[in-house]
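Numbering (my numbering), first residue to last: 4 to 146.
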């Protein structure tokens, strides 16, 4: 089983479950590539944080990228957004801020971009597509 497969929880309490990591056959590449699939449960900005959303992505060596498609309906209507993360699989950072290559690889450090649906035509005229959010997360392996 690939080391990426399993449950990962980030610093905000959101959970990524990587259910599959399948090899990709690319004749023009000598690197190992994996396609990952699973689900993502966010703890940010939603009252019902038990809902899982589809997640897919790629792994090359110790690098990972994945995206989530959010679509939920509540009393305020339909809310859609997409978010993508890119990061690196690393050993746990030690207290002094260093890493030891001999330590188990148990964390993924990422940067992300989230783009929501504009909630009204006025937003589109005022902001265009500029309404994007970005940040970073650290995911810790749970199993």
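Cβ coordinates follow ideal geometry from the N, Cα and C atoms, glycine included.
None of the values given here were measured: they were computed from a predicted structure.
Residues near residue i in its chain [Cβ-Cβ closer than 6 Å; skip 5 each side]
{"i": "residue 119", "result": "84"}
Cutoff 8 Å; reference residue i; Cβ partners in own chain excluding five residues on either side
{"i": "residue 47", "result": "15 and 17"}
{"i": "residue 137", "result": "114, 115, 116 and 117"}
{"i": "residue 34", "result": "63 and 64"}
Beta-carbon separation (whole angstroms), residue i vs residue j, contact threshold 8 Å
{"i": "residue 55", "j": "residue 42", "result": "4 Å"}
{"i": "residue 134", "j": "residue 121", "result": "6 Å"}
Pick from the options that is closest to residue i, judged by C-alpha positions
{"i": "residue 87", "options": "76, 75, 67 and 78", "result": "67"}
{"i": "residue 28", "options": "22, 36 and 21", "result": "36"}
{"i": "residue 8", "options": "30, 136, 32 and 58", "result": "58"}
Through-space distance from residue j to residue i, alpha-carbon basis
{"i": "residue 74", "j": "residue 139", "result": "22 Å"}
{"i": "residue 63", "j": "residue 23", "result": "14 Å"}
{"i": "residue 70", "j": "residue 77", "result": "23 Å"}
{"i": "residue 45", "j": "residue 25", "result": "24 Å"}
{"i": "residue 91", "j": "residue 81", "result": "33 Å"}
{"i": "residue 31", "j": "residue 53", "result": "42 Å"}
{"i": "residue 89", "j": "residue 40", "result": "15 Å"}
Test item: CB-CB of residue i and residue j under 8 Å
{"i": "residue 142", "j": "residue 19", "result": "yes"}
Own chain residues within Cβ distance below 7 Å of residue i, not counting five before or after
{"i": "residue 10", "result": "18, 20, 145 and 146"}
{"i": "residue 5", "result": "24 and 37"}
{"i": "residue 13", "result": "140, 141 and 142"}
{"i": "residue 72", "result": "56, 57 and 85"}
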